[in-house]
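Colleague: Please find one structure pasted underneath; my questions will follow.
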Amino acid sequence: MSYCCYEAFQLLAKNYLGVEDHELFVRIEKLLSETKMTPADVAEHLMPKSDDDDAKGCLMDLVEALETANIDQAKNEEKEEKKEEKKEEKKEEKKEEKKEEKKEEKEEEEEEELEQWIIENNRACEEKKEEKKEEKKEEKKEEKKEEEEEEEEELEQWIIGNNRGCAKKKEKKREEKKEEEEEEEEELEQWIIKDNCYLAKKKGGNREQKH
């Protein structure tokens, strides 16, 4: 839609009022530069309503209409500005809401990742604990095995030592028995020798008595 400019107003004033210049033209020019009004509306205010209406009255009617339109336009512009401000505020609110939503989503994702990390970390810790338990069990088994082997070795050494002691004792007893037997044999031989000597003497005495 095209709005009336000052040049169009001058043409309309000349056609409808037959005037090319007037003291109100400066004011009308200023108002037309600030106010949006169609050429048809300007022409309607310039047209005389009766035979008594002169050019000044028609121009004043246009001035009043332009001033009223200017005020209404200012109000409308203010309303539009407020609407735009509200739109911008809503846009900003929506942006903030989206930011908050994204932030919340990110926080939820981070929390979920943290929970997953904790779960995985706990699993890893449990696995390490189980591994350590198994290692300790194996170490205990090895220690027990080594202890048993040491005990067996000690027992074998004790048995060997004990057997050696027993063998020595047996050998000593054999030697002592042998010595006793030899002593007995020697005593028996000495007794036999003595007895034989006694018998021989006795026989010799008997023979002398017979002679």
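Numbering (the UniProt record's numbering), first residue to last: 1 to 211. Glycine is no exception: its CB is placed at the ideal position from the N, C-alpha and C atoms.
1. Is the CB-CB distance between MET37 and LEU11 below 8 Å?
2. With 16 as the cutoff for other CB atoms within 10 Å, does THR35 come out buried or exposed?
3. Within 10 Å of its beta-carbon, does LEU32 have 16 or more other beta-carbons around it, so buried, or fewer, so exposed?
4. Does the region 52-62 touch the region 17-25, meaning 3 or more C-beta pairs lie closer than 8 Å?
5. Whole angstroms are fine: how far does the CA of GLY165 sit from the CA of CYS178?
6. To the nearest angstrom, how far is it from the Cα of ASN162 to the Cα of GLU138?
7. SER2 by DSSP, collapsed to three states: which one?
8. Consult DSSP for PRO39 and reduce its assignment to one of helix, strand or coil.
9. LEU62: buried (16+ other C-beta within 10 angstroms of its C-beta) or exposed?
10. Taking 8 Å as the threshold (C-beta atoms), are TYR6 and GLU29 in contact?
11. Got a sec, what are the start and stop residues for the alpha helix (DSSP H) SER33 sits in?
12. Buried or exposed: which applies to residue 289, given that a residue is buried once 16 or more other Cβ atoms fall within 10 Å of its Cβ?
13. Could you have a look at GLU20 and say whether DSSP puts it in helix, strand or coil?
14. Enumerate, from N- to C-terminal direction, the unbroken beta strand (DSSP E) stretches of 3 or more residues contained entirely within the region 117-165.
15. Is the beta carbon of ALA8 sitting closer than 8 Å to the one on PRO39?
16. Could you have a look at MET47 and say whether DSSP puts it in helix, strand or coil?
17. By the 10 Å Cβ neighbour count, where 16 or more other Cβ atoms means buried, how is residue 212 classified, buried or exposed?
Modeller: The answer reads as follows:
1. no
2. buried
3. buried
4. yes
5. The amino acid at residue 178 is misidentified as Cys; the sequence shows Lys. Approximately 19 Å between the Cα atoms of the pair.
6. 35 Å
7. coil
8. helix
9. buried
10. yes
11. 25-34
12. Any answer about residue 289 is impossible in this case: the structure gives the chain only from 1 up to 211.
13. coil
14. none
15. yes
16. coil
17. Nothing can be reported for residue 212, as the shown portion of the chain is limited to 1 through 211.
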